[in-house]
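Numbering (this note's numbering), first residue to last: 12 to 346. The beta-carbon is built from N, C-alpha and C at its ideal position, and this holds for glycine as well. Structure, as structure tokens:
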């Protein structure tokens with residue numbers, strides 16, 4: 012069994028930009044495997060818009076450029092929608108079919124890269140890229156939004172194009188309050204470079220799984236018996252939370268290296284938001300890496316305070332609960 016608590020991996024800042032590609036969960040996805048919900052035409056429209064955006068690429072000396080012009084400049088596509096409508100699937104598909112040099116990362120990963128390298132070195136690290144794919148663009152932190160605005164404002168005029176996604180809060184769906192307008196307003200310096208498409212639809216990850224469905228003791232025992240002991244990491248939630256405070260979030264992927272399954276027992280409410288946000292990022296990485304996972308203890312609906320789930324970082328917590336639900340559904344499929 013792997014002891015995550017004994018790991019405190021180091022990471023060279025330059026290594027943050029080395030493997031910005033689809034994670035194992037999305038390695039096999041393509042546009043052809045994206046199955047839009049027929050009840051929500053905007054899903055198919057988003058797929059077509061993304062493919063059309065890529066088809067606008069033309070090979071030129073030094074790499075491809077989108078929307079060829081005398082002085083080529085990068086353009087942008089913004090996909091805005093709720094949780095679990097396939098936005099990450101579309102981003103990964105775009106990475107696989109991009110005709111030039113592409114990098115795929117979450118918005119939070121981009122912030123860690125800029126923080127580790129500094130703005131100038133971060134811009135230089137991506138200057139040779141033709142396409143950046145940024146998942147879960149967050150507008151809830153003015154500081155981060157300003158950094159992203161500065162970063163993209165320096166890259167896009169030189170020919171780097173961008174496809175970004177973001178989550179509309181579930182409560183805003185159907186009310187005409189999509190984030191596209193917020194996005195355009197908050198990235199004023201580069202807003203004119205982006206075309207926006209919204210994606211409607213329910214969260215497919217919630218189908219058949221209620222948010223409070225952690226595993227029962229019997230289910231957990233059966234699940235654990237089916238895992239490979241040598242690559243299983245099992246730990247108590249309180250111990251995990253304490254350890255995550257000692258590891259920078261940019262190192263969470265390295266923390267999980269060689270792990271095939273993670274069991275977190277005795278989930279408890281997290282009244283400290285710093286602890287809660289570290290846990291959210293840990294779940295993001297666990298999910299993206301496609302690891303098996305199981306959870307016992309407090310029902311998911313009681314993990315995060317209502318003040319968190321309806322506060323500045325509401326989208327992070329909603330996304331985490333959505334992904335935890337899918338991980339639990341997958342765990343039950345392993346039984």
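Indicate whether residue i and residue j have their beta-carbon atoms separated by less than 7 Å.
i           : j           : result
residue 85  : residue 28  : no
residue 289 : residue 20  : no
residue 301 : residue 35  : yes
residue 87  : residue 209 : no
residue 145 : residue 133 : no
residue 104 : residue 59  : no
residue 4   : residue 291 : Look at the range of the chain in this structure, 12 to 346, and you will see that residue 4 is not part of it.
residue 330 : residue 94  : yes
residue 308 : residue 283 : no
residue 304 : residue 297 : yes
residue 279 : residue 248 : yes
residue 65  : residue 265 : no
residue 312 : residue 214 : no
Assuming the contact rule is C-beta atoms closer than 8 Å, residue i and residue j should be a hit. Round their C-beta distance to whole Å, please.
i           : j           : result
residue 149 : residue 155 : 6 Å
residue 142 : residue 111 : 6 Å
residue 115 : residue 31  : 6 Å
residue 230 : residue 335 : Contact doesn't hold; Cβ gap of about 15 Å is too wide.
residue 255 : residue 174 : Residue 255 to residue 174, Cβ: 30 Å. No contact.
residue 225 : residue 339 : 7 Å
residue 246 : residue 15  : 6 Å
residue 140 : residue 159 : With 8 Å as the limit, residue 140 and residue 159 do not qualify as a contact, their Cβ atoms being about 15 Å apart.
Taking the alpha carbon of residue i as the point to measure from, which residue in the options has its own alpha carbon closest?
i           : options               : result
residue 176 : 57, 265 and 226       : 57
residue 271 : 296, 243, 254 and 343 : 243
residue 294 : 31, 282, 312 and 273  : 273
residue 83  : 237, 214, 33 and 167  : 167
residue 50  : 333, 234, 296 and 212 : 212
residue 100 : 327, 37 and 158       : 37
residue 328 : 281, 44, 303 and 342  : 281
residue 131 : 161, 109 and 108      : 161
residue 237 : 337, 54, 342 and 26   : 342
residue 299 : 268, 204, 323 and 321 : 268
residue 109 : 98, 165, 61 and 317   : 61
residue 203 : 232, 106, 241 and 163 : 163
residue 63  : 206, 44, 17 and 153   : 206
residue 165 : 153, 135 and 178      : 135
residue 12  : 45, 67 and 241        : 241
residue 260 : 53, 106 and 122       : 122
residue 48  : 322, 233 and 97       : 97
residue 44  : 52, 25, 26 and 107    : 107
residue 323 : 153, 52 and 310       : 153
residue 326 : 178, 232 and 234      : 178
residue 235 : 55, 337 and 344       : 344
residue 17  : 250, 275 and 319      : 250
residue 120 : 25, 54 and 319        : 25
May I ask whether a heavy atom of the ligand ATP can be found less than 6 Å away from the beta carbon of residue i?
i           : result
residue 162 : Only the bare structure without any ligand can be found here, which leaves the ligand ATP out of the picture.
Is the Cβ of residue i closer than 7 Å to any Cβ of chain D?
i          : result
residue 48 : The structure shown has no chain D; it contains just one protein chain.
In the DSSP output, which residue or residues are listed as bridge partners for residue i?
i           : result
residue 178 : 92
residue 16  : Looking at the DSSP assignment, residue 16 forms no beta bridge with any residue, so it has no partner.
residue 114 : 143
residue 278 : 308
residue 173 : 87 and 143
ask   = What are the start and end residues of each continuous beta strand (DSSP E) run of 3 or more residues lying completely inside the segment 303-341, in chain order?
value = Taking only runs of at least 3 residues, the beta strand (DSSP E) segments lying wholly in the segment 303-341 are 303-308.
message = Restricting to runs no shorter than 3 residues, where is the beta strand (DSSP E) found entirely within the segment 201-273?
response = 205-210 and 243-247, all fully within the segment 201-273.
key: Minimum length 4: unbroken alpha helix (DSSP H) runs contained in the segment 141-171   = Positions of the alpha helix (DSSP H) runs, each at least 4 residues long and wholly inside the segment 141-171, are given as 153-166 in order along the chain.
key: Minimum length 3: unbroken beta strand (DSSP E) runs contained in the segment 39-71   = 68-71, all fully within the segment 39-71.
request  = Entirely within the segment 79-110 and at least 4 residues each: give me those alpha helix (DSSP H) ranges in chain order.
outcome  = The segment 79-110 contains, as complete alpha helix (DSSP H) runs of 4+ residues, the segments 98-108 (chain order).
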